[in-house]
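Heads up: the protein sequence lines correspond to chains W and B, in order.
Residue numbers for the first sequence, in my numbering: 3 to 136.
Residue numbers for the second sequence, in my numbering: 3 to 136.
Number of protein chains: 2
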Amino acid sequence: MRMTTQGDYALRCILAIAYKSAKGPVAISRIVEEEHLPSDYTEQLMMKLRHGKLVKSVRGVKGGYLLNRHPSRITLKDVLEAVEGQAFKVICGHKNGRKKKMCSGECVLKGVWMGLKRKIDGYLENKTIASLMK
Amino acid sequence: MRMTTQGDYALRCILAIAYKSAKGPVAISRIVEEEHLPSDYTEQLMMKLRHGKLVKSVRGVKGGYLLNRHPSRITLKDVLEAVEGQAFKVICGHKNGRKKKMCSGECVLKGVWMGLKRKIDGYLENKTIASLMK
DNA sequence: CGATACCCGATGTTTTTTGTCAACTATAAT
DNA sequence: ATTATAGTTGACAAAAAACATCGGGTATCG
Chain W
3 MRMTTQGDYA LRCILAIAYK SAKGPVAISR IVEEEHLPSD YTEQLMMKLR
53 HGKLVKSVRG VKGGYLLNRH PSRITLKDVL EAVEGQAFKV ICGHKNGRKK
103 KMCSGECVLK GVWMGLKRKI DGYLENKTIA SLMK
Chain B
3 MRMTTQGDYA LRCILAIAYK SAKGPVAISR IVEEEHLPSD YTEQLMMKLR
53 HGKLVKSVRG VKGGYLLNRH PSRITLKDVL EAVEGQAFKV ICGHKNGRKK
103 KMCSGECVLK GVWMGLKRKI DGYLENKTIA SLMK
């Protein structure tokens, strides 16, 4: 099990915007410089955050990104889901010949993994961008 | 964030051995058939479990694997660490030009990720093979 | 000795993750 | 209006991780 840099990057971006958007939109170029992130990749992530309604964009000169709601109403889970689909993906199953066969109800492990997922989701739901800013 | 099939497979194997080793060692061939796992790959995983001292092997005809300690003393974390190094790997950092620069102390996110790691490890430490057998 | 089953290193394939590129559109400032 | 800035979009490429296979070994039982 491992985390992805995607999630880490996305959180850095959101956090940077939360801190610096008081006087207008924050441009990707600025985030990228200050956080030392790969610029085109970051752009993609910002797109996902926008599609996930976590940020809104302003185009043109002086443009950039703003948070779409108050930092206290954006959880880490929201951010990770926006860029990764799910904060934690359970892949419980095995190959049976050629086709993948997912676990059925009787599978003990499925329960374990889902329990873990709940734990992880719970942790991430209870941390907001605002809570990281203190 | 996602889990790996490796971890899932390894747990299935350990569980299968726990259930079936009463009358002697359990062969990989048997586990592989009953659990529908890829056989050579499973062999690799069993090797890792052996190096991690979770199982012991018996060679030759009628050979196979046995648990190296009581199911109640093998946690899921033990198993995952044996095959994956760490149950949950934190990759907190970013590229700065060419060289990777890891987070320093001031990094807020590092704390978040480490907190999550603790949560995950805790969950996995508190589940034993025995507890899955009920 | 022969059949079984673990041992082990090397190699190959697939998928996911990470990163790059180029052409486009909207906006502000001049 | 023109130009520079900055987001939009989709396709592509590289790297890493995960998943899997292969082949030649060694130990043990019958």
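Don't be surprised by glycine CBs; every beta carbon is placed ideally from N, CA and C.
Keep in mind that this is a model prediction, so the values were computed, not measured.
Residues sharing a beta bridge with residue i, DSSP
i, result
"ARG120 of chain W", "Bridge partners of ARG120 of chain W: none, in fact."
"THR130 of chain B", "B:THR77"
"ARG4 of chain W", "B:ARG4, B:LYS91"
Own chain residues within Cβ distance below 7 Å of residue i, not counting five before or after
i, result
"ARG100 of chain W", "Interpretation of ARG100 of chain W is limited by its pLDDT of 36, a score under 50 that renders its predicted location unreliable; the figure taken from the coordinates is listed afterwards. So no residue of the chain qualifies."
"ALA18 of chain W", "VAL28, ILE33, GLU36, GLU37"
"THR144 of chain B", "No answer is possible for residue 144 of chain B: the residues shown for chain B start at 3 and end at 136."
Residues near residue i in its chain [Cβ-Cβ closer than 6 Å; skip 5 each side]
i, result
"LYS55 of chain W", "ASN70"
"LYS97 of chain W", "With a pLDDT of only 49 at LYS97 of chain W, under 50, the local geometry of the prediction cannot be trusted, and no value is derived from it."
"TYR43 of chain B", "none"
"ALA84 of chain B", "LYS50, LEU51, GLY54, LEU56"
"VAL92 of chain B", "TRP115, LYS119"
Terminal residues of the alpha helix (DSSP H) in which residue i lies
i, result
"VAL34 of chain B", "30-37"
Neighbourhood of residue i by C-beta distance below 8 Å, restricted to the same chain and skipping five residues each side
i, result
"PRO73 of chain W", "ALA20, THR130, ILE131, ALA132, MET135"
"ILE16 of chain B", "LEU51, LEU56, VAL57, LEU69, ILE76, VAL81, ILE131"
"GLU45 of chain W", "ILE30"
"GLY65 of chain B", "PRO27, ALA29, SER59"
"PHE90 of chain B", "LEU118, LYS119, ILE122, ASP123"
"LEU47 of chain B", "GLN8, TYR11, ALA12, CYS15, VAL85"
Are the stretch 58-70 of chain W and the stretch 108-116 of chain W touching by the rule of at least three beta carbon pairs closer than 8 Å?
no
Given 8 Å as the limit, is there contact between the stretch 123-131 of chain W and the stretch 76-84 of chain W, that is, 3 or more CB pairs closer than that?
yes
Unbroken stretches of the beta strand (DSSP E), 3 residues or longer, contained in the stretch 39-94 of chain B
57-60, 66-69
Touching by the beta-carbon criterion (3+ pairs, under 8 Å), the stretch 38-50 of chain W and the stretch 113-124 of chain B
no
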